[in-house]
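Below is one structure, written out as structure tokens, with a few remarks after it.
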Amino acid sequence: MVSREEIENIALLSKLFVAEEELDGLTKEMDQMIAFADTINQATDAGEEFDNINGLQNAFREDEVVPSYPQSEILKNRDGGVDGFFYVAKHK
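Going left to right, the sequence shown walks through residues 1 to 92 as full-length UniProt numbering numbers them.
Set out below in structure tokens:
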């Protein structure tokens with residue numbers, strides 16, 4: 001069980017202000033969170049495999065070549081580029 005003093009110490013260490021009237025509620029909530037975590041830690045997997053529960057196998061799609069815009073169309077808004085490519089200035 002989490003004590004009120006522990007909550008005050010945690011608040012102090014994390015540099016959080018907790019109002020006096022909030023301490024009891026916060027202590028109760030923190031105790032419930034820790035109890036929930038303890039419940040999760042006690043759960044077993046009962047030997048079940050969870051690797052592929054949906055039965056999917058290689059759900060990747062095949063690569064597909066699709067037409068693109070012509071190079072001149074792509075570069076026309078960039079003053080034609082340099083040697084057919086976008087020019088990117090070098091920065092030091």
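Note that beta-carbon positions come from the ideal geometry of N, C-alpha and C, so glycine has one too.
It should be emphasised that the depicted structure is a prediction, and the values quoted were computed from it without experimental measurement.
- The three-state secondary structure of residue 85, taken from DSSP, is strand.
- Within the same chain, no residue comes within 7 Å of residue 89 by CB-CB distance, once the 5 residues on both sides are set aside.
- Counting along the chain, residue 9 sits inside the alpha helix (DSSP H) bounded by residues 4–13.
- Looking from the CA of residue 20, the closest CA among 7, 13, 14 belongs to 7.
- Annotation: the continuous alpha helix (DSSP H) that includes residue 35 extends over 20–42.
- Judged by DSSP in its simplified three-state form, residue 90 adopts coil rather than helix or strand.
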